[in-house]
Amino acid sequence: MHKRARRFLYYPLLAIFFVATPLLLLYSLGYTFDWRDRSVSKTGGMFIKSRTSRISISLDDEQIKESSFFTGSALLMDIPVGTHVVRLEHDNYHPWTKTVAIKPLEVVELRNIILAPRNLLYATTSARDLPATSTPESTGNVFSLGKNRELISTGQGTTTVLLEHIHSFEAFSNEIYFISDQGFLGRIETIDNTIETLGRPGFYLAKTPARFIRSQRGDIAIIDSSGGLFLITTEKRIIPVDGAVIDARFDLRGDKLLIQKEQELLLLWITENRIQPFQIKSAKETIIKTPSQILQSSWFYQSSAHVAIRTEEGIFLTEIDGRGGRNTHELVPGTTEDFFTSPDDPNSIFFKRNKTWFRTEI
């Protein structure tokens, strides 16, 4: 190539380099250039992950993309800063919508999205084929309360009175938690029967015994006779949580505690949530309030990011991510007699109607 030709190509390419490089750098940092008003604007992004693949994604009523066939995910970039409405749709599924606040140079992550089928299929199942709602812990000996409210251990042909004047207790694999008639909370190490008094937090004690629920992490939730909820941490700290509680359930890993009241579900974060939606440890938030009584509630164990609710009107599924509103959908309409979910079959919900058990998979 002649020297003159090289020079002819060199200077235009050099000019393109100096113009394009700043634009590429700005783009990589989350900025875009608006050619209409010749200004640089900040943008953000959105990552969407759903169990349903090939979903149609609309932003502010404009269809812009489909999620991946293989992963069910999609990454949206160059979204203007501000509030937007994202809508996910798929044939034969209820649409999913959420208001999302886009911030400059940040990506909003929307994971564990479930699109509820419009026509959910049910199949009958026998009671003997139902999975367990939880795995019972092996305690070795059998523990019981005697007629005079003494705590009795029975095993290997011997019976031993461990304590007297006990109001309530629960035996786990290697320890027993108990509440005395005087309201003291204690713990027994079953290996050597060592007794430890933890405190007297102010339990209300009546004829109804207290209930003890243990998480996979070792935290203990206690519901006293009046519905007072207390959390016993792995460090043996006693924390009053709430009142008028009907039921409480830890999620599969013990990161969160689902709290059921008469017409309200709440969530207590046992550990800090370091992924979106971020949440601090010990934060408590309302998941849903219902116009009618909540008869039962349970984790949907597939992701522990949704909870199932049974009322007189039906069985519903709602998400715990409250950013931009929660999506709640009816799964089973009408009256049912019972329902449960199980970690052994995490994609299914079991319910009882007219004395017959049914199974439905989401």
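In the UniProt record's numbering, the protein residues as written are 1 to 362. We put the beta carbon where it would ideally sit given N, CA and C, even for glycine.
Through-space distance from residue j to residue i, alpha-carbon basis
i, j, result
"Phe169", "Tyr204", "15 Å"
"His90", "Thr360", "20 Å"
"Gly325", "Phe172", "39 Å"
"Pro343", "Thr197", "33 Å"
"Arg323", "Thr97", "11 Å"
"Asp247", "Val85", "35 Å"
"Arg51", "Ser67", "10 Å"
"Asn273", "Pro95", "27 Å"
"Ile309", "Asn327", "13 Å"
"Leu229", "Ile166", "19 Å"
"Phe351", "Phe358", "5 Å"
"Ser297", "Phe340", "8 Å"
"Phe316", "Pro117", "12 Å"
Beta-bridge partners of residue i, as assigned by DSSP
i, result
"Lys98", "Val86"
"Gly140", "Paired residue(s): none; Gly140 is not in a bridge."
"His167", "Paired residue(s): none; His167 is not in a bridge."
"Gln260", "Asp247, Leu265"
"Phe300", "His306"
"Ile64", "Per DSSP, none; premise fails for Ile64."
"Lys352", "Asp338, Trp357"
"Met46", "Leu76, Val108"
"Phe212", "Ile222"
"Gln279", "Asn273"
"Asp242", "Leu229"
"Ser153", "Phe143, Thr160"
Residue i classed as buried or exposed, judged by whether at least 16 other C-beta atoms fall within 10 angstroms
i, result
"Val307", "buried"
"Glu62", "exposed"
"residue 364", "The first residue shown for the chain is 1 and the last is 362, placing residue 364 beyond what the model contains."
"Leu185", "buried"
"Ser144", "exposed"
"Phe278", "exposed"
"Ala132", "exposed"
"Lys355", "exposed"
"Ser153", "buried"
"Phe236", "The amino acid at residue 236 is misidentified as Phe; the sequence shows Lys. Under this definition Lys236 is an exposed residue."
"Val241", "buried"
"Arg128", "exposed"
Under the three-state DSSP convention, the category residue i falls into
i, result
"Arg128", "helix"
"Arg118", "coil"
"Asp247", "strand"
"Ala206", "coil"
"Arg274", "coil"
"Phe358", "strand"
"Gly30", "The pLDDT assigned to Gly30 is 49, lower than 50, so where the model puts this residue is not dependable; a value taken from the coordinates is nonetheless given after this. Three-state result, Gly30: coil."
"Thr286", "strand"
"Ser53", "coil"
"Asn327", "coil"
"Thr190", "coil"
"Gln182", "coil"
"Pro343", "coil"
"Pro201", "coil"
"Pro319", "Residue identity check: residue 319 is Glu in the sequence provided, not Pro. If DSSP states are grouped into helix, strand and coil, Glu319 belongs with the strands."
Residue i vs residue j beta-carbon contact at 7 Å
i, j, result
"Tyr177", "Leu252", "no"
"Thr233", "Asp224", "no"
"residue 363", "Thr311", "The structure shown does not extend to residue 363, since the chain is modelled only from 1 to 362, so the question has no answer here."
"Lys289", "Glu264", "yes"
"Thr271", "Lys284", "no"
"Glu106", "Gly44", "yes"
"Ala221", "Ile213", "yes"
"Leu88", "Ile55", "yes"
"Ile238", "Pro291", "no"
"Lys65", "Ile57", "yes"
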